[in-house]
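Please read the structure below before turning to the comments.
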Amino acid sequence: TIGREGLPLRRLDSFPVRTPEGPAAATAWETEVDGVPVALLEEERYLSRARVYGDPDDADRWLVFCDAVLAAAERLGWRPDVLHLNEWHAAFAATRLRAGGGTAPGDPAVVYTIHNLAIRGDFDAAFAARHGLPEAAFRPPDGVDVGLLYNGMAQGIRWADAVNTVSPTYAREILTPEFGAGLDPLLRWRAAELTGILNGIDTEVFDPRTDPHIPARFHADALEARAANKAALQDRVGLPRQPRTPLLGMVTRLFHQKGTDLAAEAVDQVLQDEQVQFVVLGTGDAQEERRLAALQEWRPHQVAAVLAFDPALAQLIYAGCDLFLMPSRFEPCGLGQMLALRYGAVPVVRKTGGLADTVVDYEADPARGNGFVFQEPTAERLAKTIRRALDYYGRPERWRELMLRGMQADFSWDRTADRYVELYRRARAAREGREDGR
1 TIGREGLPLR RLDSFPVRTP EGPAAATAWE TEVDGVPVAL LEEERYLSRA
51 RVYGDPDDAD RWLVFCDAVL AAAERLGWRP DVLHLNEWHA AFAATRLRAG
101 GGTAPGDPAV VYTIHNLAIR GDFDAAFAAR HGLPEAAFRP PDGVDVGLLY
151 NGMAQGIRWA DAVNTVSPTY AREILTPEFG AGLDPLLRWR AAELTGILNG
201 IDTEVFDPRT DPHIPARFHA DALEARAANK AALQDRVGLP RQPRTPLLGM
251 VTRLFHQKGT DLAAEAVDQV LQDEQVQFVV LGTGDAQEER RLAALQEWRP
301 HQVAAVLAFD PALAQLIYAG CDLFLMPSRF EPCGLGQMLA LRYGAVPVVR
351 KTGGLADTVV DYEADPARGN GFVFQEPTAE RLAKTIRRAL DYYGRPERWR
401 ELMLRGMQAD FSWDRTADRY VELYRRARAA REGREDGR
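Be aware that the sequence shown starts at 1, since it is given in this note's numbering, and climbs by one per residue.
So, in structure tokens, the structure goes:
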């Protein structure tokens, strides 16, 4: 799934890896990305596909990948202090190490990060038998039904030494039936070892002072230059150049989770009595795409729906829109609101997950507020919040204060990395102090 073109690869070794059909040949390669050594694994049947996700045997592919990682570590004598697994795709490495059937030199601590609990990687007993997952892998803790363990996400939660997710609020939300995707009993069992660490953004790549994708670079002391990006965005998506008309932006996957239906309905309500423009970029559910296309057809001089994947246009939306909408029904972390703040766009968000941890309502807390927040996931509440924001857009000094506050916030990985180091230390200490009877 990763092309060889342009990669200076060094072959490390070949070794057998377990597959449902029996041992298969795998090869480990090494390259370097921005000074960081990266190991790549090659295996013909399962690990060499044109796409990463979306095949009927995805669960087989990812378990083979986990087995290949552990086999490569054994063959190469790699002794990590911590094995950090992300999402259900990597979770089976924890199963192999803790429930039986796999080893790694040095007995590393296992940290498991949940990015989106709703994508679980379900499987059945036939899959477990085909891959030789041991009976111990399905030993539930007290009070947890064994049926919950038949997905990769649950396996990671069950067997890791430490579990975290990508924002403090989401870590609390997933302990409840509303947000727990059916796994909340298992998560409550791990609650004492569950933490939330907010994601960060790459502040070198996403920097309005140097961004090559925007026509006018700017910074907090030169906000006037930002107006040229708004004009360029209006030109790019076919909206009239109207410097003082509030421009609402949205960059998202078009799914129910992201609240794109709420945004379309709320914007339609606002357009009935407010002079605003709206641009949305994204692809996803066909029904959501049709809904946005219909809104553009109904109001072609005020709405632009770009149903595509276009990273350069995304940057221009962050740098050119006035308000940035994220009405998610749930949001483990979210990066869009952080990027919007960095580029001087004021976010309008639902109070959930990482959105609640990064955006403070300006009216509720004028000293700290950097955006506008609503609670109830309805189009009416979103429309009301947009109108609240528009009221401040009409007060230039207050709006400038909001823009500057967002641009000066620190959402870098520097802030986040220290918390991961501490998590690794705790996981390592827990591993060293545990006779593994969990």
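Virtual Cβ for every residue (Gly too), placed ideally from N, Cα, C. Since the model is a prediction, treat every value here as computed from it, not as a measurement.
What's the call for residue i, buried or exposed, on a 16-neighbour Cβ count within 10 Å?
i	result
F309	exposed
W88	buried
Y53	exposed
G77	exposed
V146	exposed
P300	exposed
R368	exposed
P8	exposed
E5	exposed
Below 8 Å on the Cβ atoms is my guess for residue i versus residue j; work out the distance and round it to an integer in Å.
i	j	result
V306	L281	5 Å
A266	I114	Contact doesn't hold; Cβ gap of about 30 Å is too wide.
L186	I157	5 Å
R426	A162	6 Å
T195	L423	6 Å
A39	V111	Their Cβ separation, rounded to whole angstroms, is 18 Å, which puts A39 and V111 out of contact at 8 Å.
E91	G152	Checking the sequence, you will find Ala at residue 91 rather than Glu. Confirmed, Cβ separation roughly 4 Å.
L390	E274	6 Å
N370	G406	5 Å
Within a Cβ cutoff of 8 Å, which residues of the same chain sit near residue i, ignoring the five residues on either side of it in sequence?
i	result
L47	T1, A26, L41, R61, V64, F65 and A68
T375	In the sequence as presented, Thr is not what sits at residue 375; that position holds Gln. Answer for Q375: R350, K351 and R381, listed in chain order.
A191	L175
V82	P108, A109, V110, V111, Y424, A427 and R428
P23	P16 and V17
R75	D13, F15 and A28
Tell me which residues share the same chain as residue i and place their Cβ nearer than 6 Å to its Cβ, disregarding the 5 neighbours each side in the sequence.
i	result
T260	L254 and E288
A379	L262, E265 and A266
C321	L247, G249 and A345
A312	H213
R438	Reliability fails at R438, whose pLDDT of 45 lies under 50, so the model's placement of it is uncertain and the value that follows must be treated cautiously. If we look at R438 and ignore the five residues flanking it on each side, it has no Cβ neighbours.
Suppose the cutoff is 7 Å on Cβ atoms and the five residues either side in sequence are ignored; what does the same chain contact list for residue i look like?
i	result
Y420	I197
P20	D60, R130 and H131
Q408	A220
L339	I201, F206 and Y318
D436	Because D436 carries a pLDDT of 44, less than 50, the predicted location of this residue cannot be relied on, and the following value inherits that uncertainty. Result list for D436: R98, in chain order.
Taking DSSP's pairing of strands, which residues face residue i in a bridge?
i	result
N151	D122
H84	V111
P16	A25
S412	I201
P347	F324
Q234	In DSSP, Q234 forms no bridge with anything.
A162	V111
F374	R350
**Q.** Cβ pair count under 8 Å reaching 3, the segment 119-131 against the segment 53-60
**A.** yes
(Q) Closer than 8 Å is the cut-off here; do at least three beta carbon pairs connect the segment 351-360 with the segment 236-255? (A) no
Q.
Pairs of beta-carbons, one from the segment 386-395 and one from the segment 208-215, closer than 8 Å: are there three or more?
A. Result no; under three Cβ-Cβ pairs closer than 8 Å.
Q) How do the segment 167-176 and the segment 134-146 stand: do at least 3 beta-carbon pairs fall below 8 Å, yes or no? A) no
Q. For the segment 363-382 against the segment 172-179, are there 3 or more C-beta pairs whose distance is under 8 Å?
A. In short, these stretches do not touch, since the Cβ pair count stays below three.
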